[in-house]
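Read through the structure below, which is laid out as structure tokens, and then see the notes.
Protein chains: 4
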Amino acid sequence: MTPKISLKEKQREERERLILDYAEKMLLEKGYHDVSMDEIATGIGVAKGTLYLHFPKKEDLVYAVVKPKMQSFLNSVEEAKALADGPKEKLAYLLQRELTGAFFQFLLKSGSDMTTIFKSYETEINEILPRIFSGIHEILNEGKRKGLFDPALPVEFMSSAFINLFEPHLYREMVTVRKMPVEVFIRYTSDLLFRGIMKSREMK
Amino acid sequence: MTPKISLKEKQREERERLILDYAEKMLLEKGYHDVSMDEIATGIGVAKGTLYLHFPKKEDLVYAVVKPKMQSFLNSVEEAKALADGPKEKLAYLLQRELTGAFFQFLLKSGSDMTTIFKSYETEINEILPRIFSGIHEILNEGKRKGLFDPALPVEFMSSAFINLFEPHLYREMVTVRKMPVEVFIRYTSDLLFRGIMKSREMK
Amino acid sequence: MTPKISLKEKQREERERLILDYAEKMLLEKGYHDVSMDEIATGIGVAKGTLYLHFPKKEDLVYAVVKPKMQSFLNSVEEAKALADGPKEKLAYLLQRELTGAFFQFLLKSGSDMTTIFKSYETEINEILPRIFSGIHEILNEGKRKGLFDPALPVEFMSSAFINLFEPHLYREMVTVRKMPVEVFIRYTSDLLFRGIMKSREMK
Amino acid sequence: MTPKISLKEKQREERERLILDYAEKMLLEKGYHDVSMDEIATGIGVAKGTLYLHFPKKEDLVYAVVKPKMQSFLNSVEEAKALADGPKEKLAYLLQRELTGAFFQFLLKSGSDMTTIFKSYETEINEILPRIFSGIHEILNEGKRKGLFDPALPVEFMSSAFINLFEPHLYREMVTVRKMPVEVFIRYTSDLLFRGIMKSREMK
DNA sequence: AATGAATGAGACTTCATTCAT
DNA sequence: AATGAATGAAGTCTCATTCAT
Numbered sequence: 001m002t003p004k005i006s007l008k009e010k011q012r013e014e015r016e017r018l019i020l021d022y023a024e025k026m027l028l029e030k031g032y033h034d035v036s037m038d039e040i041a042t043g044i045g046v047a048k049g050t051l052y053l054h055f056p057k058k059e060d061l062v063y064a065v066v067k068p069k070m071q072s073f074l075n076s077v078e079e080a081k082a083l084a085d086g087p088k089e090k091l092a093y094l095l096q097r098e099l100t101g102a103f104f105q106f107l108l109k110s111g112s113d114m115t116t117i118f119k120s121y122e123t124e125i126n127e128i129l130p131r132i133f134s135g136i137h138e139i140l141n142e143g144k145r146k147g148l149f150d151p152a153l154p155v156e157f158m159s160s161a162f163i164n165l166f167e168p169h170l171y172r173e174m175v176t177v178r179k180m181p182v183e184v185f186i187r188y189t190s191d192l193l194f195r196g197i198m199k200s201r202e203m204k
Numbered sequence: 205m206t207p208k209i210s211l212k213e214k215q216r217e218e219r220e221r222l223i224l225d226y227a228e229k230m231l232l233e234k235g236y237h238d239v240s241m242d243e244i245a246t247g248i249g250v251a252k253g254t255l256y257l258h259f260p261k262k263e264d265l266v267y268a269v270v271k272p273k274m275q276s277f278l279n280s281v282e283e284a285k286a287l288a289d290g291p292k293e294k295l296a297y298l299l300q301r302e303l304t305g306a307f308f309q310f311l312l313k314s315g316s317d318m319t320t321i322f323k324s325y326e327t328e329i330n331e332i333l334p335r336i337f338s339g340i341h342e343i344l345n346e347g348k349r350k351g352l353f354d355p356a357l358p359v360e361f362m363s364s365a366f367i368n369l370f371e372p373h374l375y376r377e378m379v380t381v382r383k384m385p386v387e388v389f390i391r392y393t394s395d396l397l398f399r400g401i402m403k404s405r406e407m408k
Numbered sequence: 409m410t411p412k413i414s415l416k417e418k419q420r421e422e423r424e425r426l427i428l429d430y431a432e433k434m435l436l437e438k439g440y441h442d443v444s445m446d447e448i449a450t451g452i453g454v455a456k457g458t459l460y461l462h463f464p465k466k467e468d469l470v471y472a473v474v475k476p477k478m479q480s481f482l483n484s485v486e487e488a489k490a491l492a493d494g495p496k497e498k499l500a501y502l503l504q505r506e507l508t509g510a511f512f513q514f515l516l517k518s519g520s521d522m523t524t525i526f527k528s529y530e531t532e533i534n535e536i537l538p539r540i541f542s543g544i545h546e547i548l549n550e551g552k553r554k555g556l557f558d559p560a561l562p563v564e565f566m567s568s569a570f571i572n573l574f575e576p577h578l579y580r581e582m583v584t585v586r587k588m589p590v591e592v593f594i595r596y597t598s599d600l601l602f603r604g605i606m607k608s609r610e611m612k
Numbered sequence: 613m614t615p616k617i618s619l620k621e622k623q624r625e626e627r628e629r630l631i632l633d634y635a636e637k638m639l640l641e642k643g644y645h646d647v648s649m650d651e652i653a654t655g656i657g658v659a660k661g662t663l664y665l666h667f668p669k670k671e672d673l674v675y676a677v678v679k680p681k682m683q684s685f686l687n688s689v690e691e692a693k694a695l696a697d698g699p700k701e702k703l704a705y706l707l708q709r710e711l712t713g714a715f716f717q718f719l720l721k722s723g724s725d726m727t728t729i730f731k732s733y734e735t736e737i738n739e740i741l742p743r744i745f746s747g748i749h750e751i752l753n754e755g756k757r758k759g760l761f762d763p764a765l766p767v768e769f770m771s772s773a774f775i776n777l778f779e780p781h782l783y784r785e786m787v788t789v790r791k792m793p794v795e796v797f798i799r800y801t802s803d804l805l806f807r808g809i810m811k812s813r814e815m816k
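Chains as they are written, first to last, in the working numbering: chain A, 1 to 204; chain B, 205 to 408; chain C, 409 to 612; chain D, 613 to 816.
What follows is the structure, encoded as structure tokens:
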């Protein structure tokens, strides 16, 4: 009977994906508080109760949207660290891998510290986020050691500025609205990170 | 008996300031949707109704918090434009003047387009915000013309990146928590804007 | 010192009259629930607290508006009863005397049994209203005895129909809006009471 | 499975009827402002939220009570106009058809112009009410032309007096309290309209 | 499993009434 | 006496969550 079960399981997962995708879309568009469970249910054509079969709380549904993005970001950080290239290339890799992910965007949109919304996941979040940041800090410190990055700037300062680059307004304006090719957008962002807005003299 | 009138007026303004300050604090901490009128009232030790004596709607109270910051930012933009110095100095002036203001921070915190919250003030906002951005764009274009700023980066891209620098987490972490002197924080931020995180070769 | 006191007393009464007149106007216009104490105070240029120096409760203020009209109606009933004329003339006298008074109009406007609003005055009201009705009933019974009024119609039916004639919409429409002279309006109303809408054959 | 759907639909309608009936009862008893949504919910043993499933606003619930009565009255007016009989019979038909409906009663009870309460339905109301009145006026003018009704009385005067006959106090007192048979009540009312309170000489 | 009607806590807002000045 | 700021009970409405079908 395994196939039958896995068929059901498959359907269940498809349904769940449907929910998560639509929820993500709406959350990005309107933020946590302006998206109701009703709206999500109606939007994908299921009953409100069905959402609750998959996710016991709104918090759980939303966290299910956010967690993989956080996870993916962590993974990318780990991958970046493992690259043979230098720290600059590692950061560029991260940018290119995650710039379009909606994770941090969502957080900023929601306008709350994550823990305000995800009270039940505080422990989990406090396990993942620090690893993300310490991974970035490692890369940044490596850059400082190699004389590439400004030794005067605290790594916390740098990493925060780095994270801010993932803010969604700019992406939407440039790529979605103005049809700037993603690669161009990524290059610009990466340039901005590495040499600010000044006209470069020596590097691409 | 003008003094008597102005005494009352003074008290009224003090009370209003009390409300606005506490509201700002809470809004920055928890965002629009997670701060209730009740909470604000209790927090400053007045009854709910008292808030409504000063501000007919929650929207009005919150806009009264935001407007002066928006206004101040616009003023600073105008002042920056009027400076005799070059575009770089103008942007630095803006950073130094407004980096600690909580306006954009609040917006990001609130996680919605302003007009989602401030429906009644849409017209007003749509009058102020564009002037802020076009002012910044003028400075940026001036910089491009003078060969200072990267001509490849769209000014919208630059201005958006510039605005992102005002995000509050970093400020709080560095200045409030780690006791970094504000001047140092401003210099770092300004450096970041102008030359990215790379070790500088030729400029301060 | 009597004159001084009576001067103050006079001013007090003038102020009270001002309040009562404005309150009556607004009550008639918008009804009990749609007129706020604030509105009344502002409308006559005094502070809200001042209203409460004269009338401890909204109920008291409104009853102070209503009571004299009720009283006046009762007086007119008594006067009508005392007339030398027949019952028809007595009713006509009542109509002519009270048709323009706003008492019953106000009640209808307020849309509640009087006792819903005037809880504290229930006893008083239950003393006056029955006297009004029994006075009218006396006249009606006199008319029945004299073979003038339809003996089949219960007096309660007649008196209620009679009271309904005081409804304000018609008065406002005809006299205020269409500028029908009051005497004509009274004659029409009186005709209606005595012979309905049919074309009269024998009496004016 | 249409029957299943119609079962739910049926239950929904039953529930809605329950709400409407109880709301009507309370509205008639205490008027718009003195009936709270809470009170209605509690009164029929459901939660407040349930009311809002059926009617998004208090205004909507109340209008759902009023509209059918208004509609029914309009229908009766149209039917009356279409009768083969004379104008007197037409009015009598209207009286007999609608005297027990609570529509105008409710309006009077509510003590406000309908449009004060039903702001969102102003257009709809301004479409129905004038048709009611102009229908009545047609009948009245027909009566005048045929020499039946007093040509001196403006039709607006007559129609307003006619409407006043639907006032609820009298009905409740006579029929509900004193157990007067409805037919008798209707006959009395009709007599009152056509010949006033005078003892009739020539007509029943 | 799926549904969606029902629930009720909690948010915003109004307004009669009180009270310090 | 007069003021009007302050109060807080009460009302309308929303929405995450539950539960009978």
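No residue lacks a Cβ here, since even glycine has one placed at the ideal position from N, Cα and C.
Residues of the stretch 420–442 of chain C whose Cβ lies closer than 8 Å to any Cβ of chain D, in chain order:
Listed by position, the residues of the stretch 420–442 of chain C near chain D (Cβ gap below 8 Å) are Lys438, Gly439, Tyr440, His441, Asp442.
Given a cut-off of 8 Å, decide if Met26 (chain A) and Phe361 (chain B) are closer than it, judged by their beta-carbon atoms.
Contact flag unset, no.
Phe185 (chain A), DSSP secondary structure in three states:
In this structure, DSSP gives Phe185 (chain A) a helical state, which the three-state scheme calls helix.
Whole-angstrom distance between Glu628 (chain D) and Ile652 (chain D), CA atom to CA atom
Cα to Cα, the separation comes out at about 12 Å.
Assuming Phe778 (chain D) and Leu703 (chain D) make a contact with CB atoms under 8 Å, what is their CB distance in whole Å?
The Cβ separation is near 12 Å, so there is no contact.
From the beta carbon of His577 (chain C), is the nearest beta carbon of chain D less than 8 Å away?
At least one chain D Cβ lies under 8 Å of His577 (chain C).
When you compare only the Cα positions, how much space is there between Asn75 (chain A) and Phe185 (chain A)?
Answer to the nearest angstrom: the Cα atoms are 22 Å apart.
Taking C-beta pairs closer than 7 Å, name the residues in chain B that Tyr188 (chain A) reaches, listed in chain order.
Ordered by position in chain B, the residues that pass the 7 Å Cβ test against Tyr188 (chain A) are Leu357, Phe361.
Just the C-alpha distance for Val66 (chain A) and Phe730 (chain D), rounded to the nearest angstrom, thanks.
Those two C-alpha atoms are separated by around 45 Å.
Members of the stretch 537–561 of chain C near chain D, C-beta cut-off 9 Å
Under the 9 Å Cβ criterion, the stretch 537–561 of chain C contributes Leu548, Gly551, Lys552, Gly555, Leu556, Phe557, Asp558, Pro559, Ala560, Leu561.
Out of A:Lys69, A:Asp38, A:Gly86, A:Ile19, point me to the one whose CA is closest to Lys61 (chain A)'s CA.
According to the sequence provided, residue 61 (chain A) is Leu. The question's Lys does not apply to it. Comparing Cα-Cα distances from Leu61 (chain A) to each of A:Lys69, A:Asp38, A:Gly86, A:Ile19, the minimum goes to A:Ile19.
In the DSSP assignment, the alpha helix (DSSP H) including Met180 (chain A) goes from what residue to what residue?
Where Met180 (chain A) is concerned, there is no enclosing alpha helix (DSSP H), given that its DSSP letter is neither H nor E.
Stretch pair the stretch 318–336 of chain B + the stretch 284–291 of chain B: three plus CB contacts closer than 8 Å:
Result no; under three Cβ-Cβ pairs closer than 8 Å.
So, with DSSP's three-state summary, where would you put Phe55 (chain A)?
DSSP places Phe55 (chain A) outside both helix and strand once states are collapsed to three, so it counts as coil.
Going along the chain, which residues of the stretch 44–74 of chain A sit with their C-beta nearer than 7 Å to a C-beta in chain B?
The residues in question: there are none.
Report the residue from B:Thr327, B:Glu342, B:Tyr375 whose alpha carbon sits nearest the alpha carbon of Val359 (chain B).
Between Val359 (chain B) and the set B:Thr327, B:Glu342, B:Tyr375, the nearest pair of CA atoms involves B:Glu342.
In or out: Leu192 (chain A) buried (at least 16 other Cβ within 10 Å) or exposed?
Leu192 (chain A) is buried by the Cβ-count criterion.
Report buried or exposed for Leu415 (chain C), applying the criterion of at least 16 other Cβ atoms within 10 angstroms of its Cβ.
Exposed: under 16 other Cβ atoms inside 10 Å.
Put Phe557 (chain C) into one of helix, strand or coil per three-state DSSP.
In the structure shown, Phe557 (chain C) sits in a strand (DSSP, three-state: E or B).
Pick helix, strand or coil for Ala696 (chain D), following the three-state DSSP scheme.
Coil at Ala696 (chain D), not helix or strand.
What three-state label does DSSP hand Phe541 (chain C) in the structure shown?
Residue state, collapsed to three classes: helix.
Residue closest to Leu170 (chain A), alpha-carbon to alpha-carbon, out of B:Tyr375, B:Pro372, B:Lys383, B:Ser364:
Among B:Tyr375, B:Pro372, B:Lys383, B:Ser364, the Cα nearest to that of Leu170 (chain A) is on B:Ser364.
Could one say the Cβ of Arg613 (chain C) lies closer than 8 Å to chain D's Cβ atoms, at least one of them?
This structure cannot speak to residue 613 (chain C), because chain C is shown only from 409 to 612.
Which value, in whole angstroms, describes the spacing of the CA atoms of Glu591 (chain C) and Thr597 (chain C)?
Straight through space, the alpha carbons of Thr597 (chain C) and Glu591 (chain C) are spaced by roughly 10 Å.
Distance cutoff 8 Å, beta carbons only. Does Ala692 (chain D) sit that close to anything in chain C?
Closer than 8 Å: no.
To the nearest whole angstrom, what separates the beta carbons of Tyr226 (chain B) and Gly247 (chain B), a pair I think is in contact under 8 Å?
Confirmed, about 5 Å.
Own chain residues within Cβ distance below 7 Å of Glu13 (chain A), not counting five before or after
Shown here for Glu13 (chain A): not one same chain residue has a beta carbon closer than 7 Å to its own, the five before and five after excluded.
If we call anything under 8 Å between Cβ atoms a contact, is Val250 (chain B) one with Gly339 (chain B)?
Contact flag unset, no.
Look up Ile635 (chain D) in the DSSP assignment and say whether it is helix, strand or coil.
The amino acid at residue 635 (chain D) is misidentified as Ile; the sequence shows Ala. Ala635 (chain D): helix per DSSP, three-state reduction.
In or out: Gly643 (chain D) buried (at least 16 other Cβ within 10 Å) or exposed?
Burial call: buried.
Would you identify the three-state DSSP class for Phe602 (chain C), choosing helix, strand or coil?
Helix.
With a threshold of 8 Å between beta carbons, is Leu192 (chain A) in contact with chain B?
It does; some Cβ of chain B falls within 8 Å.
Are Met649 (chain D) and Lys670 (chain D) touching if we call contact CB-CB under 8 Å?
A distance below 8 Å separates the beta carbons of Met649 (chain D) and Lys670 (chain D).
For His33 (chain A) and His237 (chain B), believed in contact at Cβ under 8 Å, the rounded distance
Cβ atoms of His237 (chain B) and His33 (chain A) come within 8 Å of each other, at about 4 Å.
Tell me the residue span of the alpha helix (DSSP H) that contains Ser364 (chain B).
Membership of Ser364 (chain B) in the alpha helix (DSSP H) is indicated by the continuous run 359–368.
Going by beta carbon distance, what residues of the same chain come within less than 8 Å of Leu352 (chain B), once the five residues before and after it are set aside?
So the qualifying residues of the chain are Gly290, Pro291, Lys292.
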